[in-house]
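Per our numbering, the very first residue in the sequence shown carries number 7; after that it's consecutive. Please read the structure below before turning to the comments.
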Amino acid sequence: TAKPIQVKLVLLGEAAVGKSSLVLRFSSNEFQDNKEPTIGAAFVTQKCRLEDKVIKFEIWDTAGQERFYSLAPMYYRNAHAAVVVFDVTRASSLERAKSWVKELQRQANLNVVIALVGNKLDLVRPSSTGVETAGEEEVTSPEQGETEAEDMNPDKSPSSESGSEGAESANVEYRPRQVTTEEGEAYAAEAGLLYFETSAKTGEGVQQVFIEIAKKLPTD
Ligand code: GTP
Ligand code: MG
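So this is what it looks like as structure tokens:
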């Protein structure tokens, strides 16, 4: 068999959006409920088969806490690919993701492949691709700007109906989505990024992120 193609990949994003959890899901197919924050950065390698090729991802999982921001260039310099993660239930994390994208587009490799990933999909209702009001029976799409920051305390949002998968089955109540799929996709398209939504908890969408990145990289 052919020698694996080495791909250096960096993960960036606000603290607690699930970067390390995505790596743990991809590399070990596991999930930890109370994962400790990353200090500095962590390094993991994981192979991935793509048609006739074997890709060896060399993954730098950076720390999202602000005090570590200045270390990031060490990890994204020379990266072939970057995964910029936000949390679909936290609007501020998309703003942080946008800042990382700008920095990457200015300072990283000219042809770095960037994927924007909205994580924690299991925390929003399965049918929900738009902003919703917690506890509403039907999901409607309010006009942009009309949506107040809803009560963010998941313990308080009433939730009783249906759903055998996702948050409710684990005795965790659904949270309102703060970033719509449409908004994420529109920004990604405008900035020239791949776009994915994932749950490191259930594993939904996680493999695809790495497979689609591998497909986009020049592999000769
Ligand atoms: P830093 O290392 O501080 O930058 O954080 P991080 O982005 O690596 O986040 P981490 O993977 O440590 O996850 C933070 C918390 O969110 C942990 O308690 C995880 O269990 C939880 N978490 C991560 N991904 C998911 C997810 O997809 N769904 C749910 N429900 N929880 C998640
Ligand atoms: Mg981490």
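By construction, the Cβ of each residue, glycine as well, lies at the ideal position given by its N, Cα and C atoms.
Exercise. First and last residue of the beta strand (DSSP E) that includes G124?
Worked result: 119-125
Problem set entry | Best match in L30, A22, K14, E196 for proximity to G70 [C-alpha to C-alpha] | A22
Problem set entry | Cβ-Cβ distance between N125 and G24 below 8 Å | yes
For this session: Helix, strand or coil for D93, going by three-state DSSP, please let me know.
Result: strand
Exercise. What's the C-alpha gap between V60 and G190?
Worked result: 30 Å
Exercise. For S99, which of S33, L77, R183, E36 has the nearest alpha-carbon?
Worked result: R183
Problem set entry | Bridge partners - R183, DSSP secondary structure assignment | Paired residues: none, contrary to the question.
Exercise. Considering only the beta carbon of each residue, do V123 and F202 sit closer than 8 Å?
Worked result: yes
Problem set entry | Nearest-angstrom Cα separation, counted from A195 out to G46 | 31 Å
Exercise. If you follow the alpha helix (DSSP H) that E218 is part of, which residue opens it and which one closes it?
Worked result: 212-222
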